[in-house]
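Participant:
Numbering (my numbering), first residue to last: 28 to 519.
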């Protein structure tokens with residue numbers, strides 16, 4: 028069973044390479060890519076249940092035992108995110124089949140989506156920090172191409188900015204790795220945690236930790252999100268949805284893993300900085316969402332609000348807060364993917380992205396309108412939908428940690444999320460229709476299917492929170508007790 032750990036990384040890469048040679052065979056590309064994603068989703072589900080019954084599992088490449096070799100590790104936290112990422116990517120591919128267009132499909136869209144998900148899965152599963160850097164780069168290289176896919180002038184401008192920012196972040200990542208290795212003489216995450224616990228987190232290690240905080244904050248969009256609105260608004264809709272659902276989440280995963288496992292000791296410094304950054308991110312995200320006039324800007328700033336809210340959970344650092352952060356991460360990945368798919372479809376059917384220039388969409392597309400209403404309620408945290416449990420637990424954690432300012436900002440941001448998305452709903456879906464029944468563009472059935480599947484999944488995360496609780500609580504327990512992870516790697 029341990030060998031299955033490599034499947035979420037290696038199968039998408041092999042499939043992507045094969046698809047490169049099938050450039051003109053669009054139908055075959057679709058079939059192979061969707062079968063690949065369904066297969067990886069099933070494997071991820073099996074791995075999740077295996078972790079639940081047998082504990083943390085690892086795969087030592089070439090038989091080199093830790094801390095010397097390369098390894099993959101699956102605990103409940105990482106494999107939950109792998110499963111969520113693969114399910115939503117599968118559903119997004121359904122949307123792509125009917126909307127992305129043959130031109131993009133012949134420009135290696137499917138191979139680069141598979142490279143992207145391989146990088147995401149690898150980032151979640153790797154057990155050493157250098158391979159986290161490698162998997163980040165695989166993910167980013169694919170995303171560079173996907174941002175520029177289509178070759179429009181605005182896309183090329185934003186992709187250049189996106190590449191430059193991430194090159195700087197990668198350079199800082201390498202510097203941080205060099206300082207870390209020079210200090211603790213290992214790159215295995217569990218071994219780093221053990222060495223830091225033995226030696227204590229002195230000022231040098233705390234400085235290294237802050238350097239990692241800057242790097243992962245750039246990736247996650249925590250405070251350092253100035254590159255994000257432009258980069259997320261130019262690629263095709265399905266790419267926007269994948270970016271909103273996956274890229275910032277990998278950065279948040281790295282932050283949570285780093286500051287619960289490797290650098291948990293000097294929380295007065297590190298967690299206070301994370302709390303301040305989360306608070307400012309929430310304020311800036313809310314201001315952007317309130318001032319936005321077009322649907323893409325409002326949706327993008329809602330991504331930034333989500334980043335700030337989830338990292339309140341890390342800043343608070345209690346078991347309830349981390350449990351809430353995990354619930355909210357899963358919810359946010361699914362809900363943001365659906366929100367961006369819906370926003371892209373609004374632009375497709377109306378030809379407008381400015382909120383005030385479209386109205387009455389619900390007259391021609393009633394199901395589409397009510398699905399938007401549903402995801403709006405989920406993102407606002409209305410019970411019993413998927414955002415509710417995460418918000419309650421993060422709020423409980425903030426109270427336990429005495430972080431009342433963050434608590435107030437977090438719940439105020441929920442009102443702003445509801446207001447900003449409700450503004451789109453009321454202005455764009457109600458009133459006199461700007462599109463006559465005869466002129467309306469039909470929404471493809473595959474797109475509707477993707478909306479419905481994502482909505483069902485979001486409903487399950489909310490209504491079925493009890494069934495997920497066993498996995499989420501196990502993940503939070505591992506984060507709160509790093510010795511569980513360390514013992515599974517170094518003594519297992």
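Even glycine gets a Cβ: it sits at the ideal position worked out from N, Cα and C.
Just so you know, these numbers come straight off a predicted model, no measurement behind them.
Just curious, the beta strand (DSSP E) that residue 101 is in, first and last residue?
Facilitator: 98-101
Participant: Would you tell me roughly how many angstroms separate the C-alpha atoms of residue 382 and residue 452, rounded to the nearest one?
Facilitator: 9 Å
Participant: Between residue 520 and residue 152, what straight-line distance do the alpha-carbon atoms span, to the nearest angstrom?
Facilitator: Residue 520 lies beyond the stretch modelled for the chain, which goes from 28 to 519, so this question has no answer here.
Participant: Applying the 10 Å Cβ sphere with the 16-neighbour rule, what's the burial state of residue 284?
Facilitator: buried
Participant: Does the Cβ-Cβ distance between residue 139 and residue 57 come in under 9 Å?
Facilitator: no
Participant: State the start and end residues of the unbroken beta strand (DSSP E) segment that holds residue 87.
Facilitator: 84-87
Participant: Using a threshold of 9 Å, state whether the C-beta atoms of residue 352 and residue 413 are closer than that.
Facilitator: The answer is no: Cβ separation not under 9 Å.
Participant: Let's see if you can read the secondary structure: which residues bound the alpha helix (DSSP H) around residue 359?
Facilitator: For residue 359, the enclosing alpha helix (DSSP H) has its first and last residue at 346-377.
Participant: Do the segment 29-36 and the segment 79-99 touch if we need at least three Cβ pairs shorter than 8 Å?
Facilitator: Touching, yes.
Participant: Could you say which of 465, 210 and 216 lies nearest to residue 513 if we only look at CA atoms?
Facilitator: 216
Participant: Rounded to the nearest angstrom, what separates residue 408 and residue 90 at their Cα positions?
Facilitator: 46 Å
Participant: As an exercise, report each continuous alpha helix (DSSP H) stretch of at least 4 residues that is fully enclosed by the segment 274-321, in chain order.
Facilitator: 294-318
Participant: Below 8 Å on the Cβ atoms is my guess for residue 232 versus residue 242; work out the distance and round it to an integer in Å.
Facilitator: Contact doesn't hold; Cβ gap of about 15 Å is too wide.
Participant: Can you tell me whether DSSP reads residue 327 as helix, strand or coil?
Facilitator: helix
Participant: How many Å lie between residue 145 and residue 35 at the Cα?
Facilitator: 7 Å
Participant: Would the beta-carbon of residue 338 fall within 9 Å of that of residue 406?
Facilitator: At least 9 Å separates the beta-carbon of residue 338 from that of residue 406.
Participant: Can you tell me the Cα-Cα spacing of residue 466 and residue 319, whole angstroms?
Facilitator: Each residue's Cα considered, the two are about 28 Å apart.
Participant: Between the C-alpha atoms of residue 49 and residue 169, what's the straight-line distance to the nearest angstrom?
Facilitator: 18 Å
Participant: Hey, could you find the ends of the alpha helix (DSSP H) residue 137 is sitting in?
Facilitator: Where residue 137 is concerned, the enclosing alpha helix (DSSP H) stretches over 136-152.
Participant: Starting from the Cα of residue 332, find the closest Cα among 295, 438, 411 and 240 and give me that residue.
Facilitator: 438
Participant: When burial is assigned at 16 or more other CB atoms within 10 Å of the CB, is residue 47 buried or exposed?
Facilitator: exposed
Participant: Going by DSSP, name the residue or residues bridged to residue 381.
Facilitator: 321
Participant: Under 9 Å, Cβ to Cβ, is there at least one residue of chain D near residue 329?
Facilitator: The structure shown contains no chain D; it is built from a single protein chain.
Participant: Do residue 356 and residue 201 have their C-beta atoms within less than 9 Å of each other?
Facilitator: Residue 201 sits away from residue 356, with the two beta carbons spaced by 9 Å or more.
Participant: Buried or exposed, going by whether 16 or more other CB atoms sit within 10 Å of the CB of residue 430?
Facilitator: buried
Participant: Going straight from the alpha carbon of residue 289 to that of residue 510, what length do you get?
Facilitator: Straight-line measurement puts the Cα of residue 510 at about 11 Å from the Cα of residue 289.
Participant: Kindly give me the distance between the Cβ atoms of residue 272 and residue 235, rounded to whole angstroms, as I take these residues to be in contact under 8 Å.
Facilitator: No, residue 272 and residue 235 are not in contact; Cβ-Cβ is about 30 Å, not under 8 Å.
Participant: Distance, Cα to Cα, residue 135 vs residue 129?
Facilitator: Spanning the alpha carbons of residue 135 and residue 129 requires a straight line of approximately 10 Å.
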